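Q:
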Amino acid sequence: MSYTLSGRIQTRLFLIATVGVAWTALITPFVPSSSLSQMGMANTIMTKFMTTIPIGPQQSLLFVNYQMTFETLGLMAGLGIAWEIVYHRLQGLRWDQDWPPLFSLVTVVPEAVALWYVSWVAGVFPPGPTGFSSPEMEMFVIHITTVWLVMWLFSLGPLRVMLPRWRYEGGAILVRG
Amino acid sequence: MNENLEAKKVWSDEDLLDAGIPVREIPFATIGGGLGSFALVDLLRMVGVPTSDIAIVSVDRDPQNSFQRLCSASQLGADGPLRSDSSSRIDNFWGFPGYALGAAWKRKSLGPLARVTTEPILAEYFTPTGSQVFDGVKREADRIGWAGMIQPGKAVAVRRRGGGGFFVIQETSSAPSSPLVAWHARYVHIAPGYPGVNIAPDLLDFRAINPGDNRTAHSYESHEHIYDSLAGRGGTVLIRGSGDTSAHLLHRLCIERVRSDSDIRIVHLIRDFVAQPTPFPEVGRARRPGRNGYSLQQFVFPRAAGGGEIARIVSSKEESVRSTLMAALGAPSKPPIRSWEAELDRGRREGWYAVHHGEVDSLEATPDGRIRVDWHAHDAGTPSSDLVDFIIDATGVVCGIEADPLLADMVSCGIGSPNPIGRLAVGPAFDLATSEPWDGRVYASGAITFGGTVIPVAVFWGLHYAALRICDDLARQGFCRRFTPWRSMLAWAKWVGRVRLP
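Heads up: the sequence lines are chains A and B, in that order.
The C-terminal residue of the first sequence carries number 177 in our numbering, and the numbering is unbroken.
The C-terminal residue of the second sequence carries number 679 in our numbering, and the numbering is unbroken.
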């Protein structure tokens, strides 16, 4: 795919707002929940759905998990704008000035690492260790890698069907004419 | 056509009646009937235009015919790698599923998919073959009812019609002075492709002096006998040109050399010799790779020339800068295929392949049945000469208004105007300007529109892009519905389900 800078940013925001949000909504109840393990409860989907009892003012465990995954997703969109500027610069070093699908896939690695730390700093996760021992790590990794994969696969096919002008306009979602 | 009629720039219904040319009504006519017409008609059918509203004026029955001829003449054949990628799929507007997915399904292998998702970093580009394209086009043409829209015969004129719209005059058979018929269409599309091959003047001279001599050929002329003779007796062949076609010729010769074990020697002359990577500061920091005479580029243009960053940069330039830049970006080049490079490296090492930066001065038949090629080296200007048995010229095709009588006539009668490089100037909707405001529109797509703001017009990508812009414009004029996301998804579902369009 050969993106313009504006096309890149639009594509990212569009993918996150559509398949990103849908996938996060779908998967959150199924990812291992840190809040549950902290409470010493069995980490099963059933428990999560049953524990819809508010644990704070209007908060259930599922709500807490949703809050975490959606906040991470929101940060992925926000930070993504900066990442896209970096990618755009790198793309300019290629003669074809395009962005092969493999690049779109593997960039999840640096992005996830940065996102993990930024999420901590931004207070998305409850205070605690930030390393591999963090109880949120598993949830974060499963959520981010799957949401990325789904968005990547979506951009390779369904997006072109849904927005037939997208690939002819450097990745722009909003196309005049 | 009689002279009275020919002299008039605008025709009335009575003019045609007087000339004895029957007039048929059709809302939309496309002239050409190759892949350019196909891309547009496919889209129009998908937004619901009935077959009864479309006339395809063409000498070919099937849309893939002319492309198939070009492939076979240029040594690509049905199985050679096309200079295209998986998602530039002319029979599928969305490029999804791409040719790679089709190939994976057919071969029951994940190989093509692994390749297409890791190209061009871990693997070389997945490139479709001619037969994949021919088969797909054939199937899609069948699905959209191509045969019901085709009007066989050559288009000889397009003129404005007094009172609005246009007349397309067509011969109704291939016989000389065959009866003519006129189509009265409000919208006309023209996708003429390449009208001819570019034969070097020295080669034309040689042919004039030695009529009937079949030792010289243009790459697009039939020249199988040259390979047969070389494979049988060996010999030396001169190749000219540094484009994709010359690379295919060299590959074919290397194959023949190995297969026949004959002593086939190749002298290769390149006028615009590329010895090192070329900088393009206007479009970015990267340089185009180049070595041994060739610019190396996967596609005819760098990828971002189609809708990406290079397209954005180039379209923002002034017209004069833009046309120079576009020509440079699309200068002859070949895809960087490792196995091809290895063949030629071996040829250089073993001394049966020699490439020079030079130009032919003259060709002469020698008494002992060979051809003497006098040429001069480009840098030093030192004259040299070689004795060869055959010459294959791969210096390209011609394209321009002047090379096509139909287009020249159109322009002289107030439909369209030349752009700075002598092709058709087109608007943002690939529309041609008429000399005065007119009811109805004429559109063009393909190679004839090169030189405007869109760069890769003559490749699958460009034919689709033009089709989309034209379809959008026709929707604005009320001829058809717009290709919206919803219609796109619906059309895609029908494509996947192989549902015939009504």
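We treat Cβ as the ideally placed atom computed from N, Cα and C, and that holds for glycine.
Please read all numbers here as calculations on a predicted model, not as lab measurements.
#1: In or out: Q58 (chain A) buried (at least 16 other Cβ within 10 Å) or exposed?
#2: Below 8 Å, can you find three or more Cβ-Cβ pairs linking the region 577-590 of chain B to the region 428-445 of chain B?
#3: Here's the rule: buried if 16 or more other CB atoms are within 10 angstroms of the residue's CB, otherwise exposed. What is Y302 (chain B)?
#4: Distance check for V113 (chain A) and G213 (chain B), CA to CA, integer angstroms please.
#5: By the three-class DSSP mapping on this structure, what secondary structure does K511 (chain B) have?
#6: Per DSSP, what kind of secondary structure is A668 (chain B) in: helix, strand or coil?
#7: Could you tell me the boundaries of the alpha helix (DSSP H) in which H425 (chain B) lies?
#8: With 16 other CB atoms within 10 Å as the buried threshold, where does E180 (chain B) fall?
#9: S376 (chain B): which of B:V676, B:G483, B:D570 and B:W663 sits nearest, CA to CA?
#10: When you compare the CB of G157 (chain A) with every CB in chain B, is at least one pair closer than 8 Å?
#11: For S189 (chain B), which option in B:G591, B:A670 and B:G342 has the closest C-alpha, if you only look at C-alpha atoms?
#12: Using the Cβ count rule (16 or more neighbours within 10 Å means buried), how would you classify W148 (chain A)?
#13: Select from B:T422, B:A196, B:D551 and B:D566 the residue whose C-alpha is nearest the C-alpha of P560 (chain B).
#14: Under a three-way DSSP split, which group does N596 (chain B) fall into?
#15: Tell me which same chain residues have a C-beta within less than 6 Å of the C-beta of A531 (chain B), skipping the five on either side of it?
#16: Starting from the Cα of I81 (chain A), find the closest Cα among A:L15, A:Y168, A:R167 and A:W23 and give me that residue.
#17: Taking 8 Å as the threshold (C-beta atoms), are G467 (chain B) and Q453 (chain B) in contact?
#18: Taking buried to mean at least 16 other C-beta atoms within 10 Å of its own C-beta, is E296 (chain B) buried or exposed?
#19: Determine whether the Cβ of Q10 (chain A) lies closer than 8 Å to any Cβ atom of chain B.
#20: Counting along the chain, where does the beta strand (DSSP E) carrying Q347 (chain B) start and finish?
#21: Classify D538 (chain B) as helix, strand or coil using the three-state DSSP reduction.
#22: If I follow the unbroken beta strand (DSSP E) through E202 (chain B), where does it start and stop?
#23: Please confirm if E296 (chain B) has its CB atom under 8 Å from at least one CB of chain A.
#24: Please list the partners that L163 (chain A) has in chain B, where partner means a Cβ-to-Cβ separation under 7 Å.
#25: Hey, does W95 (chain A) have any beta-carbon neighbour from chain B nearer than 8 Å?
#26: Sort B:D563, B:A621, B:C657 and B:H395 by Cα distance to G412 (chain B) and report the nearest one.
#27: Roughly how many angstroms lie between the CA atoms of N391 (chain B) and L174 (chain A), to the nearest whole one?
#28: How many whole angstroms separate the CB atoms of V129 (chain B) and V619 (chain B), which I take to be in contact at a CB cut-off of 8 Å?
#29: Tell whether a beta-carbon distance below 8 Å holds between V31 (chain A) and V150 (chain A).
#30: Among B:R338, B:P199 and B:S235, which one has its Cα closest to the Cα of T611 (chain B)?
#31: Pick helix, strand or coil for V687 (chain B), following the three-state DSSP scheme.
#32: Check the Cβ-Cβ distances between G74 (chain A) and every residue of chain B, and say whether any is below 8 Å.
#33: Under the rule that 16 or more other beta-carbon atoms within 10 Å means buried, what is A352 (chain B), buried or exposed?
#34: Counting only beta-carbon separations shorter than 8 Å, does F627 (chain B) have a partner in chain A?
#35: Below 6 Å CB to CB, which residues in the same chain sit around G325 (chain B) once its five sequence neighbours on both sides are set aside?
#36: How should G674 (chain B) be labelled, buried or exposed, when 16 other C-beta atoms within 10 angstroms of its C-beta is the threshold for buried?
A: Inspection of the coordinates gives the following:
#1: As a working note, residue 58 (chain A) is residue 58 in the first sequence. Summary for Q58 (chain A): the model assigns pLDDT 48, below 50, so the residue's position carries little reliability, and this model does not support an answer.
#2: no
#3: Here residue 302 (chain B) refers to the residue found at position 125 when the second sequence is read from its first residue. Flag for Y302 (chain B) reads buried.
#4: To locate residue 213 (chain B), count along the second sequence from 1; it is residue 36. To locate residue 113 (chain A), count along the first sequence from 1; it is residue 113. If I take the Cα positions, the gap works out to 47 Å.
#5: Position 334 of the second sequence, counting from 1, holds the residue named residue 511 (chain B). Three-state result, K511 (chain B): strand.
#6: As a first step, residue 668 (chain B) is located in the second sequence; it is residue number 491 there, counting from the start. Reduced to three states, the DSSP call for A668 (chain B) is helix.
#7: Here residue 425 (chain B) refers to the residue found at position 248 when the second sequence is read from its first residue. Segment D421 to S437, the alpha helix (DSSP H) holding H425 (chain B).
#8: Counted from its first residue, the second sequence places residue 180 (chain B) at position 3. Burial call: exposed.
#9: Your numbering for residue 376 (chain B) matches position 199 in the second sequence. Note on identity: in this sequence residue 376 (chain B) is Ile, with Ser being the wrong assignment. The candidate whose alpha carbon is nearest that of I376 (chain B) is B:D570.
#10: Counted from its first residue, the first sequence places residue 157 (chain A) at position 157. Yes, G157 (chain A) counts as interfacial toward chain B.
#11: As a working note, residue 189 (chain B) is residue 12 in the second sequence. With distances taken between Cα atoms, S189 (chain B) lies closest to B:G342.
#12: Your numbering for residue 148 (chain A) matches position 148 in the first sequence. Buried: at least 16 other Cβ atoms inside 10 Å.
#13: Position 383 of the second sequence holds residue 560 (chain B). For the residues B:T422, B:A196, B:D551 and B:D566, the minimum Cα distance to P560 (chain B) belongs to B:D551.
#14: Taking the second sequence and counting its residues from 1, one reaches residue 596 (chain B) at position 419. Here N596 (chain B) sits in coil by DSSP.
#15: To locate residue 531 (chain B), count along the second sequence from 1; it is residue 354. Taken in chain order, the residues that qualify are V444.
#16: In the first sequence, counting from the first residue as 1, residue 81 (chain A) sits at position 81. The residue with the shortest Cα to Cα distance from I81 (chain A) is A:L15.
#17: Locating residue 453 (chain B) in the second sequence gives position 276, where the first residue counts as 1. Locating residue 467 (chain B) in the second sequence gives position 290, where the first residue counts as 1. Their beta carbons are under 8 Å apart, which means Q453 (chain B) touches G467 (chain B) by this criterion.
#18: Against the second sequence, residue 296 (chain B) aligns to sequence position 119. Buried, by the Cβ-count rule.
#19: For this step, residue 10 (chain A) is matched to residue 10 along the first sequence. No, because no Cβ of chain B sits closer than 8 Å to the Cβ of Q10 (chain A).
#20: In the second sequence, residue 347 (chain B) corresponds to position 170, counting from 1. Where Q347 (chain B) is concerned, the enclosing beta strand (DSSP E) stretches over F343 to E348.
#21: Here residue 538 (chain B) refers to the residue found at position 361 when the second sequence is read from its first residue. Reduced to three states, the DSSP call for D538 (chain B) is strand.
#22: Translated into positions along the second sequence, residue 202 (chain B) becomes position 25. V200 to E202 is the span of the beta strand (DSSP E), which, as asked, contains E202 (chain B).
#23: In the second sequence, counting from the first residue as 1, residue 296 (chain B) sits at position 119. Yes, E296 (chain B) counts as interfacial toward chain A.
#24: Within the first sequence, the letter at position 163 stands for residue 163 (chain A). Simply P662.
#25: Taking the first residue of the first sequence as 1, we reach residue 95 (chain A) at position 95. So yes, W95 (chain A) belongs to the interface.
#26: For the purposes of this step, residue 412 (chain B) is identified with residue 235 of the second sequence, where counting begins at 1. Comparing Cα-Cα distances from G412 (chain B) to each of B:D563, B:A621, B:C657 and B:H395, the minimum goes to B:D563.
#27: Reading the second sequence from its first residue, position 214 is the one you call residue 391 (chain B). Reading the first sequence from its first residue, position 174 is the one you call residue 174 (chain A). N391 (chain B) and L174 (chain A): Cα-Cα distance of roughly 57 Å.
#28: With chain B represented from 178 up to 679, any question about residue 129 (chain B) goes unanswered, as that position is not in the structure.
#29: As a working mapping, residue 31 (chain A) is identified with position 31 in the first sequence. As a working mapping, residue 150 (chain A) is identified with position 150 in the first sequence. No, the pair does not count as a contact, with Cβ atoms beyond the cut-off.
#30: For this step, residue 611 (chain B) is matched to residue 434 along the second sequence. Taking only the C-alpha atoms, the option nearest T611 (chain B) is B:R338.
#31: Coverage of chain B is limited to positions 178 through 679, which leaves residue 687 (chain B) absent and any answer about it impossible.
#32: Stepping through the first sequence from its first residue, residue 74 (chain A) is reached at position 74. No, because no Cβ of chain B sits closer than 8 Å to the Cβ of G74 (chain A).
#33: Indexing the second sequence from 1 puts residue 352 (chain B) at position 175. The residue in question, A352 (chain B), is exposed, as its Cβ has fewer than 16 Cβ neighbours within 10 Å.
#34: Here the question's residue 627 (chain B) lines up with position 450 in the second sequence. So no, F627 (chain B) is outside the interface.
#35: Numbered from its first residue, the second sequence carries residue 325 (chain B) at position 148. Excluding sequence neighbours, G325 (chain B) sits near T228.
#36: On the second sequence, position 497 is the one that residue 674 (chain B) refers to. Burial call: exposed.
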